[in-house]
Amino acid sequence: MTTDDGAPETGAFEIETPDEPRPFRYDGEVRPGEKRHVRYEVSETYLGDPVEVPVTVINGTEPGPRVFCTAAIHGDELNGVKVCQELARRYDPSDIAGTLVILHVANVPAYHAQQRYVPIYDLDLNRSFPGKAGANTAERTAAELWDAFLSKCDVGLDFHTSTRNRTTMYHTRADVTAPGVERLTRAFGANVVLAGGGDEGSLRAAATRAGIPTVTVEMGKAHRFQPVLIEKALDGVASVLAEYGLVEGAVSWPGWYRVVSPEDQKKWLRADEGGLVEMQWGPYPLVREGETICTVTDHFSREEHVVAAPFTGLLVGVLENPVALPGHPLGHLVSVDEATAREIEAEIRSGEFDGYRANGGAWRAGDEQN
Ligand SMILES: [Zn+2]
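With UniProt numbering as the guide, the letters of the sequence shown map in order to residues 1 to 370.
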């Protein structure tokens with residue numbers, strides 16, 4: 001469906017909610033007014049012990065939509081785990097009209113190993129949705145989670161971070177052309193949205209295709225809790241819950257909002273030589289065309305290669321490990337138009353970006369916190 005100007009119609013998507021509060025049924029049942037922490041068995045170890053995903057279901061006393069939040073689908077991406085812990089603590093059934101379903105750690109074997117993939121065969125749980133019974137471990141796990149919890153929800157948020165040795169600016173990824181997704185994306189309120197369908201088998205792609213608008217939240221780095229980003233994400237969830245009527249309160253507006261479409265200019269800047277990387281950009285993520293992003297030098301300091309911004313944009317991801325090979329990704333730059341660049345500069349002047357560096361939300365190489 002399209003509007004007169006050809007833009008995809010995103011406003012017509014309706015979530016049907018019943019007049020009466022309803023139980024949330026998986027294998028068990030969480031009654032209206034009940035908050036339950038469960039360990040849901042999805043698989044077994046070599047020893048035959050259960051692999052159990054920690055899940056919190058907060059079923060409101062009033063009827064309303066069902067929202068899921070998932071974390072650690074990649075086992076070393078921890079910021080979302082802290083978001084989920086806090087959500088499970090913060091909300092009670094008496095506060096909620098509808099149901100909040102929290103999968104604290106979706107990929108338990110990878111979480112135990114503190115790595116991205118399911119260990120042993122390096123299966124990617126986030127390429128395995130909606131899952132398949134009788135298939136490999138990741139697809140079975142995905143199917144268990146999908147059937148019991150995720151498929152029963154109306155909208156979803158899936159929390160990720162950058163992979164190790166890199167860091168990512170706080171942003172969302174969403175298929176804003178799919179029904180209902182732009183509403184969710186705006187309500188969550190990250191400034192930057194990388195638009196696109198998502199990889200085949202990702203939870204976001206599978207859920208969105210199944211009519212459950214779902215957004216991926218990318219925040220910071222692996223193996224860390226970054227308090228500023230976690231607080232931002234909790235505000236984002238509160239705004240989403242307000243948007244869909246689960247809680248009372250205001251839907252927050254981020255000040256500026258930029259959807260980077262797949263056709264927009266964005267580029268992974270890569271090293272052409274091996275050497276030592278020194279980040280030169282910053283401290284803010286906005287770089288102007290021609291500005292030096294980093295240098296790559298040899299160990300004798302005889303050769304220095306300057307990597308400059310090919311266009312004005314936001315650095316949404318940067319390398320943290322300071323050694324590079326030819327082809328190594330150094331930074332992910334997405335273009336911003338002049339109006340957005342000026343808005344960002346105004347926010348920088350007002351100090352909006354300062355907290356990123358000072359309070360542990362830093363994502364600039366070298367700004368290691370906690
Ligand atoms: Zn991830």
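Idealized CB from N, CA, C, for every residue including glycine.
Beta-carbon separation (whole angstroms), residue i vs residue j, contact threshold 8 Å
i, j, result
"Glu291", "Trp281", "7 Å"
"residue 372", "Val287", "For residue 372 there is no data in the structure shown, the boundaries of the chain being 1 and 370."
"Ala138", "Leu125", "5 Å"
"Ala143", "Ala133", "5 Å"
"Gly60", "Pro109", "The Cβ separation is near 32 Å, so there is no contact."
"Val155", "Lys266", "Not really, about 26 Å apart at Cβ, beyond 8 Å."
"Lys221", "Ser162", "5 Å"
"Gly317", "Gly331", "7 Å"
"Leu184", "Pro213", "5 Å"
Endpoints, the alpha helix (DSSP H) within which residue i is located
i, result
"Gly236", "Pro227 to Glu243"
"Ile344", "Glu338 to Arg349"
Straight-line Cα distance separating residue j from residue i
i, j, result
"Ile96", "Gly236", "16 Å"
"Arg166", "Pro329", "9 Å"
"Pro310", "Arg270", "12 Å"
"Pro227", "Cys153", "28 Å"
"Trp363", "Gly197", "Here Trp363 scores only 41 on pLDDT, less than 50, and its place in the model should not be relied on; the value that follows carries that caveat. Each residue's alpha carbon lies about 26 Å from the other."
"Tyr117", "Val105", "13 Å"
"Val81", "Ala233", "11 Å"
"Asp4", "Asp76", "Here Asp4 scores only 44 on pLDDT, less than 50, and its place in the model should not be relied on; the value that follows carries that caveat. Each residue's Cα considered, the two are about 45 Å apart."
"Glu14", "Pro54", "30 Å"
"Glu20", "Pro32", "9 Å"
"Asp337", "Gly28", "51 Å"
"Leu78", "Leu157", "15 Å"
"Gly351", "Tyr91", "31 Å"
"Gly361", "Ala178", "In this prediction, Gly361 scores a pLDDT of 37, lower than 50, which makes its location untrustworthy; the coordinate-derived value is nonetheless stated afterwards. Cα to Cα, Gly361 sits roughly 31 Å from Ala178."
"Gly211", "Glu273", "46 Å"
"Thr17", "Leu246", "11 Å"
"Leu100", "Pro50", "25 Å"
"Ile120", "Thr45", "12 Å"
"Gly189", "Arg302", "46 Å"
"Ile73", "Pro322", "27 Å"
"Val176", "Gly255", "19 Å"
"Asn107", "Thr297", "39 Å"
"Glu34", "Gln114", "32 Å"
"His171", "Pro65", "24 Å"
"Arg36", "Arg258", "38 Å"
"Leu325", "Met279", "15 Å"
"Thr141", "Ser252", "35 Å"
"Gly275", "Arg224", "27 Å"
"Ser261", "Val57", "35 Å"
"Tyr26", "Glu263", "41 Å"
"Gly48", "Leu103", "23 Å"
"Gly249", "Val240", "10 Å"
"Leu123", "Leu203", "14 Å"
"Tyr111", "Tyr284", "32 Å"
"Phe300", "Val277", "13 Å"
"His305", "Trp268", "17 Å"
"Arg89", "Val83", "10 Å"
"Ala206", "Phe68", "14 Å"
"Glu52", "Ala135", "19 Å"
"Val307", "Gly313", "14 Å"
"Phe24", "Pro63", "11 Å"
N-terminal and C-terminal residue of the beta strand (DSSP E) that residue i is part of
i, result
"Ala308", "Glu304 to Ala308"
"Phe68", "Glu62 to Thr70"
"residue 376", "Only positions 1 to 370 of the chain appear in the structure, and residue 376 is not among them; the question remains open."
"Thr295", "Thr292 to Thr297"
"Trp253", "Premise fails: Trp253 is in no beta strand (DSSP E) and is neither H nor E."
"residue 373", "The chain is shown from 1 up to 370; residue 373 falls before or after that span and cannot be answered."
"Arg270", "Lys266 to Arg270"
Residues bridged to residue i (per DSSP)
i, result
"His223", "Looking at the DSSP assignment, His223 forms no beta bridge with any residue, so it has no partner."
"Ser43", "Val51"
"Asn59", "Thr99"
"Leu315", "Leu333"
"Phe24", "Val30"
"His328", "Answer is none; His328 lacks a bridge partner."
"His37", "Thr56"
"Val215", "Leu157"
"Leu286", "Leu314"
"Val323", "Leu276"
"Val260", "Leu194"
**Asked** Whole alpha helix (DSSP H) runs in the region 85-137 with 4 or more residues, listed along the chain?
**Response** For the region 85-137, the continuous alpha helix (DSSP H) assignments of 4+ residues that do not extend past its boundaries occur at 108-113, in sequence order.
**Request:** Return the chain-ordered ranges of every alpha helix (DSSP H) run that is complete within the region 148-212 and spans a minimum of 4 residues.
**Result:** Whole alpha helix (DSSP H) segments, 4+ residues: 181-188 and 203-209.
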